[in-house]
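Protein chains in written order, with this note's numbering: chain A, 1 to 95; chain B, 96 to 228.
And the structure:
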């Protein structure tokens with residue numbers, strides 16, 4: 001029974017990490033769209049390339065953060081949560 | 096490749112690297128004040144900070160290259176770059192978590208420093224603008 005409980009904890013942590021990493025898809029799409037539009041803008045007004053590049057870099061850095069949050073949560077779920085939760089379980093059943 | 100780095104990309108990367116350095120020093124100080132400082136925190140901070148700055152630099156480099164291409168090519172290039180950079184960060188974080196010589200918190204926290212630096216940018220620009228006036 002204990003093995004089953006530990007298995008469920010490990011499985012749920014892995015599933016949670018996988019679900020969290022779905023958020024890693026969004027920034028790629030967003031950054032791609034933004035850079036595509038920036039290309040269009042530079043094609044129309046080549047003289048503003050410097051300011052567009054600067055704004056794009058900062059914008060993409062912000063868009064990227066969502067993916068990094070997801071990555072941090074996924075890493076914590078894989079490497080930290082199982083030990084903690086198994087510890088809590090063992091404490092609860094008095095082992 | 097590195098000889099053709101746009102000055103804007105270099106400037107922004109230096110700005111982010113400076114902030115990561117400052118925030119890392121603050122984080123080390125907090126660890127020391129809490130009494131949990133060890134060399135693993137320092138190594139973890141170095142690994143995480145390097146990963147964060149490298150990620151930002153590669154993003155700038157990709158943007159620089161993508162801006163000279165057609166809209167569709169730029170989109171595809173940016174999406175591919177984002178996936179590869181995310182993979183790089185996964186590897187950095189996994190090394191930080193698996194190797195005992197790195198503290199996991201010290202590896203993960205610096206990944207968020209570039210965002211804080213970008214958030215503080217308008218405030219800093221305002222302060223510099225006021226001083227210049």
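Using N, Cα and C, we set each Cβ at its ideal position, and we do this for glycine too.
Predicted model, so just to flag it, every value in this text is computed and none were measured.
is_contact[residue i, chain B] using C-beta, thresh 8 Å
| i | result |
| --- | --- |
| residue 20 (chain A) | no |
| residue 84 (chain A) | no |
| residue 49 (chain A) | yes |
| residue 28 (chain A) | yes |
| residue 32 (chain A) | yes |
| residue 13 (chain A) | no |
| residue 24 (chain A) | yes |
| residue 38 (chain A) | yes |
| residue 61 (chain A) | yes |
Span of the alpha helix (DSSP H) around residue i
| i | result |
| --- | --- |
| residue 33 (chain A) | 25–44 |
| residue 138 (chain B) | 134–161 |
| residue 168 (chain B) | 166–193 |
Beta-carbon neighbours of residue i, restricted to chain B and to distances below 8 Å
| i | result |
| --- | --- |
| residue 68 (chain A) | 184, 206, 207 and 210 |
| residue 3 (chain A) | Simply none; closest approach about 24 Å. |
Residues that residue i contacts on chain A, provided the C-beta gap is smaller than 7 Å
| i | result |
| --- | --- |
| residue 188 (chain B) | 71 and 75 |
Interface residues of chain A facing residue i [CB-CB closer than 9 Å]
| i | result |
| --- | --- |
| residue 99 (chain B) | Chain A residues near residue 99 (chain B): none, gap ~14 Å exceeds 9 Å. |
Distance between beta carbons of residue j and residue i, contact taken as under 8 Å
| i | j | result |
| --- | --- | --- |
| residue 10 (chain A) | residue 82 (chain A) | 5 Å |
| residue 39 (chain A) | residue 169 (chain B) | 5 Å |
| residue 108 (chain B) | residue 50 (chain A) | With a Cβ gap of about 15 Å, residue 108 (chain B) and residue 50 (chain A) do not count as contacting. |
| residue 200 (chain B) | residue 156 (chain B) | No, residue 200 (chain B) and residue 156 (chain B) are not in contact; Cβ-Cβ is about 29 Å, not under 8 Å. |
C-beta neighbour in chain A for residue i, strict 8 Å
| i | result |
| --- | --- |
| residue 159 (chain B) | yes |
Chain A residues whose Cβ lies nearer than 8 Å to that of residue i
| i | result |
| --- | --- |
| residue 177 (chain B) | 27, 28, 31, 32, 64 and 67 |
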